[in-house]
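Residue numbers (my numbering): 8 to 904.
For glycine and all other residues, C-beta sits at the position ideal for the given N, C-alpha and C.
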RNA sequence: GGGCGCUUAGCUCAGCCGGUUAGAGCGCAUGCCUCACAUGCAUGAGGUCACAGGUUCGAGUCCUGUAGCGCCCACCA
């Protein structure tokens, strides 16, 4: 046996051990196995990703599940991979180009894409390497990237299928436009942020002579007025009865704007009159269609003004706003300006305020896809944990809007859409596979137009939303659209572990795609974990500078400490609040395991490895006690994992190992080994068995230290891995309440003695005699047998054990436990005043409790309606308290005499 | 405007189906370098479980309402 240093140093083992696991193929799943599959697909981190605490939590939870199931004998597969993250990655590479003083436009599309691929090759696997540091037991042979050949094939396949079913269409609609990224965004990609803005009141003069002479409208975006084509009021608004049907004149432009009424207008907001800009606002767009208005787009892709009077042409949207305010003021047309708090969409990648804007884009019709996905969750084919997310999911699904999937960027899957110029020019080409003239949707570029046989074909310039590939992830990573062995073996997957932020982006869409492509759900359980926050409740993010870097923590405290602390810090689905100091708890626990094992190994020397338990008859009550406690721990830990209560699974074992095993059993075993050398094999067997099995229980949470220690316990030569050792099964026959009661009595006596020593300041080295009054014969017998243990644990000299008290000792400290009275003579050590005070306090406490109990038990309703065992418990308690009070009172009297 | 979560010890949090005396880690106090571990051991102080009602023999736990904090969704320009 190698000598272990007194402290666990994670850095000595982690990376080497990880490589050994990988080299031994322990992460790999076999599609031909007959064992029950258990599959998780990783939420693919962005290739631009750098490990943060969110990843660390997410990865740890998945790894716990996978390792646990693997130990239970499942054919466990964890599929890793990365997401190409269209806009994010393009932004990163563009920034790099800017440093070189060039742009993607300078390079051209092909050259730019080469650069992105080069970037991906160099940096794209950073995040995966970092996942290894966390101990993630992914099957790396199956690592996938959303722009791999196979996954790209899947994207094109599903696009074509959706198109052919009429579920993909192209059209002019208001979309969220990011002027910085210069692309359309889906609604989910433009989350609203509360923004302090202004509500400007502007007077539009009316055509003709009648009164009133003008109508006042209110807007938060004055620059859009240049695209106004109408003014609307509510049909039942008496203020505007006179003006409906007349025309307003758009200030500074001079365009005639018809005034109409529509119930969509809110009478209460602003002036009750709305300027209508159909090309720049979703509500106005609807009004524009309904009332056949003109659509005037007044902004360029980078949000500069266009199609506007010369004075404003080319101005940035916000410059234009300022200039308009000045100009309107000068014309006397500017009314009040109110402060106005409202929600403005912002690009989720660059946080620029998005511009709602009319644009020709591709969309997926979502309602038909949502139907089976709603049913699946309602019928519990898929369950959310915690359950509250079910409602959030259903609410979104039931109000789902069509999904804008085209992006005006270069990095991504290019739309499999081709245009025949000839047919477009002629307006021909309507057919089953070409619902718009000249549009051909095909996985590969057709040689000729199927309608006119022309060859003048061009591919759509746009690429698809990143999530259009992610939503296929559970099936595409396993080979779809090919019918692979993996797909047959591992789909549907079992559990998806992810954060709440991407329920709409990803989880919901995967469910829809799963039913559309496979006719089956992509997974059966969705575990939604919390968000990692700092101690003030803020989300950890680079921009806030409140990051705790997981790699720093790994270096300082070790991976197991990181994992342990992350897992025990959060209850099911609750957010995680972190501060660096908390990781010390995990480090300390790993060290505790290390030293417990050191101790066992030191005793174990020469005894040979043995995890099997000796004959039950040869075990002492103390042995039976620890085994009984342990049996409960195994059950609790397993049930906790079954329910995704990761924190309880870990802390149950923590409590057992630290407080039962180390604090009591290990200390007791020292005494037993010294006093009963003939029982050494039995004691060692129990020590080893419990430690060995506890390490297994902890392995999913703390893989490195448990594997390392387990290897040492196995001894030289035995080449087995805890990773593939079987998960402990509880053995009900080991439950032994009698032994539990005996040892609990002993613990109470020891604790009472220690407390007395501490409270009366008995000097550390002294070993005063101890008297125990133990009425119960079985317990008395047990304590008599454990005299050496009592002496050691209570630091006592002689221990006298009596059935009942015969003498009334003077100058003696007394403590009463449930089963015994503990007497500690204090000759020459007492501070009588202090002790009297303590005793009086105790008597008072007991009296209070007693009167509570009396009242309770006299309550006829209580005794009639409460379950019998509860009443009995309370009667028992009453007797105990009464006895205790009597003894304390007596003793108090003795002291005062 | 809807919806959700949280409020328990100085701090960060557990507490499942309501049931004896509400727990942990950190921090604090006191004493210990006891031959596995000072990343440790022992002992202790510290809580009107946010507030107000209700249900119940019994409420931190269930119901209703209030307040504060946080999050999500929503086309009031």
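Inter-residue CB distance, residue i and residue j (contact presumed, cutoff 8 Å)
i, j, result
"residue 465", "residue 425", "7 Å"
"residue 732", "residue 638", "Rounded, the Cβ-Cβ distance is 18 Å, inconsistent with contact."
"residue 15", "residue 712", "6 Å"
"residue 535", "residue 515", "Residue 535 to residue 515, Cβ: 12 Å. No contact."
"residue 33", "residue 728", "6 Å"
"residue 303", "residue 207", "The Cβ separation is near 20 Å, so there is no contact."
"residue 49", "residue 502", "Going by Cβ atoms, the distance from residue 49 to residue 502 rounds to 11 Å, so no, they are not a contact pair."
"residue 777", "residue 803", "4 Å"
"residue 693", "residue 763", "31 Å between Cβ atoms; not a contact."
"residue 203", "residue 346", "7 Å"
Per DSSP, the bridge partner or partners of residue i
i, result
"residue 826", "Answer is none; residue 826 lacks a bridge partner."
"residue 525", "DSSP output for residue 525 lists no bridge partner at all."
"residue 506", "536"
"residue 777", "806"
"residue 425", "447, 466"
"residue 176", "370"
"residue 852", "Looking at the DSSP assignment, residue 852 forms no beta bridge with any residue, so it has no partner."
"residue 205", "346"
"residue 181", "365"
"residue 413", "471"
"residue 164", "None, per the DSSP bridge assignment."
"residue 239", "267, 281"
"residue 85", "47"
"residue 255", "213, 264"
"residue 391", "533"
Cut-off 7 Å between Cβ atoms - residues of its own chain near residue i, not counting five sequence neighbours on either side
i, result
"residue 599", "665, 669"
"residue 55", "92, 95, 96, 99"
"residue 353", "197, 198, 200, 359, 360, 361"
"residue 791", "808"
"residue 88", "49, 51, 150, 151, 152, 484"
"residue 561", "140, 569"
Whole-angstrom distance between residue j and residue i, CA atom to CA atom
i, j, result
"residue 786", "residue 749", "6 Å"
"residue 741", "residue 672", "16 Å"
"residue 476", "residue 510", "16 Å"
"residue 649", "residue 163", "38 Å"
"residue 730", "residue 386", "36 Å"
"residue 230", "residue 262", "15 Å"
"residue 212", "residue 271", "23 Å"
"residue 123", "residue 719", "47 Å"
"residue 321", "residue 173", "40 Å"
"residue 869", "residue 877", "10 Å"
"residue 2", "residue 674", "This structure leaves residue 2 out entirely; the chain is present only between 8 and 904."
Close Cβ partners of residue i (< 8 Å) along its chain, the five nearest in sequence each way excluded
i, result
"residue 885", "857, 860, 861, 864"
"residue 408", "194, 373"
"residue 681", "795"
"residue 8", "Because the pLDDT at residue 8 is just 42, under 50, the model does not fix this residue reliably, and the value given afterwards should be weighed accordingly. Here the set comprises 608, 611, 612, 719, 722, 723."
Contact set for residue i: own chain, Cβ-Cβ below 6 Å, skip 5 residues either direction
i, result
"residue 307", "313"
"residue 954", "Any property of residue 954 remains undetermined from this structure, which presents the chain solely from 8 to 904."
"residue 436", "Caution is warranted here: a pLDDT of 46 is assigned to residue 436, below 50, making its placement in the model unreliable, and no coordinate value can be reported."
"residue 251", "266, 268"
"residue 909", "This structure cannot settle anything about residue 909, because the visible part of the chain is limited to 8 through 904."
"residue 319", "312, 327"
"residue 467", "422, 424"
"residue 154", "91"
Residue i beta carbon near the ligand NAD (any heavy atom closer than 7 Å)
i, result
"residue 750", "In the structure shown, the ligand NAD is absent, as is every other ligand, since no ligand is present at all."
(request) Indicate whether the contact test is met: 3 or more Cβ pairs, each with one atom in the segment 39-58 and one in the segment 717-724, closer than 8 Å. (result) no
(request) Taking 8 Å as the threshold, find out whether the segment 367-387 comes into contact with the segment 146-164 through three or more Cβ pairs. (result) no
(message) Contact between the segment 98-108 and the segment 57-76 is defined here as three or more beta-carbon pairs at a separation below 8 Å; is this criterion met?
(response) no
(request) May I ask you to verify whether the segment 283-294 touches the segment 220-238, counting CB pairs closer than 8 Å and requiring at least 3? (result) yes
(message) With three or more C-beta pairs closer than 8 Å as the rule, is the segment 625-643 touching the segment 699-710?
(response) yes
(request) Please confirm if the segment 491-504 is in contact with the segment 177-188, defined as three or more CB-CB distances below 8 Å between the two stretches. (result) no
(message) For the segment 564-572 against the segment 584-597, do three or more pairs of beta-carbon atoms, one drawn from each stretch, fall closer than 8 Å, so that the two count as touching?
(response) yes
(message) Using a Cβ distance threshold of 8 Å, determine whether the segment 272-281 contacts the segment 219-230, with at least three qualifying pairs required.
(response) yes
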